[in-house]
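Q:
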Amino acid sequence: MKQRRTILLSSLLIATVLYAVVAGCAHKQSADNKPAPPVTRWEQINLTNAEIAIFNDGVAQGLIAANNAGALEDEYTAQVTQVQFQVAAWQKQLTPMLKDLKTAQSNAARIQAITSNIGTATNNLIKSGNAGIKNAQNAQQLTQALTSLQTTISSLTSLLTQAGVLKS
Amino acid sequence: MDPQKATLAITEYGTLIVILGTIAAADAIKIQKIRELGPDEAANITALADTAVSTADATMNAINAWRTAHQLPPLQKP
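So this is what it looks like as C-alpha cells:
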C-alpha cells in the first residue's frame, strides 16, 4: 500500500515540477516583420482556461495510469477521478462563455457559479487526497499537485475580475 | 518512446516504481505549445477554446473508459 502511494505521489510530484518549469508568460508571433503585439486580456483568459483543462487532464491520466499499473486502489481512483470528470464537464460549459467580453458579461452569473464550483471541487480533491493518504509527507505531495490546479483556477478568476466580468 | 507509457525503474530496495513523468512531460509540452500564440487574436482565442474543450472531452472519455473497464457505470457528459 505504501509503495503504491509512493508511486502515485512521485508521478504527481514530477507533474508539479514540470508544470512549474513551463510556468511563464505567453508570447505572440509578429506579422510582416512588425513588432509582436502584446498578449491581450482575452487571450490570457482563454490561455489560462486551456491550461486548467490540460492540468486537470494530466492529473486524471496520471491517476488512471497509476491505477492500471496496480499502484492505486480502484475505490480511491474512482473517487478522485469522479471529481475531475465534473471539473472537465463544468469547464466544457464555461469555455464558450469566455469567447469575448460581451459574451462573458452576459453570462457573468453562470461564470461565477462555475468558477466557484470548480474551486470547491478542487478543494474537495485536496481534502480527499489527505483523506486517502495517511502518510503526512505523501499527502503533502498530493496536495501540492492539486494546489497547482487550484492556483491556475484562482488565476482565471482573478483575470475575469480584472476584466470586470466577476465581482471582487 | 511512447509518451503515454510509464517509465519503469528499480529502486535499491528492489521495489518496482512506476514513474509517470512521461505523461507529465507530454502535458508540459502541450502547455508550452499553446503559449506560442499567433498574431491574430480571434484565431488564438478560437484555438485555445478548442484546446480546452477537446482536452476536457479527453479527460471525460479517459475516466469513463477506466470506469467501464472496472465495471462502474460511465458518468454523464454534459
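From first to last, the protein sequence lines are chains L and F. Be aware that the first sequence starts at 354, since it is given in the working numbering, and climbs by one per residue. Be aware that the second sequence starts at 3, since it is given in the working numbering, and climbs by one per residue. Every residue, glycine too, gets a C-beta built ideally from N, C-alpha and C. These figures come from a predicted structure and were not determined experimentally.
#1: Would you kindly report the start and end of the unbroken alpha helix (DSSP H) that includes L:Q435?
#2: How about L:N409 and L:V433: are their beta carbons less than 7 Å apart?
#3: Measure how close the beta-carbons of L:L512 and F:L50 come, nearest whole angstrom, since I'm counting them as under 8 Å.
#4: Going by alpha carbons, who is nearest to L:T514 out of L:P390, L:I398, L:P388 and L:Q382?
#5: Who pairs with F:L39 in a beta bridge, going by DSSP?
#6: Please identify the residue among L:K452, L:E404 and L:A418 whose C-alpha is closest to the C-alpha of L:S508.
#7: Could you compute how far the alpha carbon of L:N420 sits from the alpha carbon of L:Q435?
#8: Output the boundary residues of the alpha helix (DSSP H) element that contains L:V412.
#9: Could you name the residues of the same chain whose beta carbon sits closer than 7 Å to that of L:G517, not counting the 5 residues immediately before and after it, in chain order?
#10: How many Å lie between L:A462 and L:A431 at the Cα?
#11: In chain L, what lies closer than 7 Å to F:P80 by C-beta?
#12: Which residues of chain L have a Cβ atom closer than 9 Å to the Cβ of F:P75, listed in chain order?
#13: By the criterion of Cβ-Cβ separation under 8 Å, what are the contact partners of F:T70 in chain L?
A: Concretely, from the data shown:
#1: Start and end: D427 to L447.
#2: Cβ atoms of L:N409 and L:V433: not closer than 7 Å.
#3: No, L:L512 and F:L50 are not in contact; Cβ-Cβ is about 13 Å, not under 8 Å.
#4: Comparing Cα positions, the closest option is L:I398.
#5: Within the DSSP secondary-structure output, F:L39 pairs in a beta bridge with L:K381.
#6: Nearest of L:K452, L:E404 and L:A418 to L:S508, Cα basis: L:E404.
#7: Our two residues, L:N420 and L:Q435, have alpha carbons roughly 14 Å apart in a direct line.
#8: Where L:V412 is concerned, the enclosing alpha helix (DSSP H) stretches over R394 to N421.
#9: If the five residues before and after L:G517 are omitted, its C-beta is found closer than 7 Å to no C-beta atom of its own chain.
#10: Those two C-alpha atoms are separated by around 31 Å.
#11: For F:P80, the neighbours in chain L by C-beta distance under 7 Å run, in chain order, A442, K445 and Q446.
#12: At a beta-carbon threshold of 9 Å, none of the residues of chain L lie near F:P75; the nearest stands roughly 11 Å away.
#13: Correct list: empty, because the minimum Cβ distance to chain L is about 12 Å.
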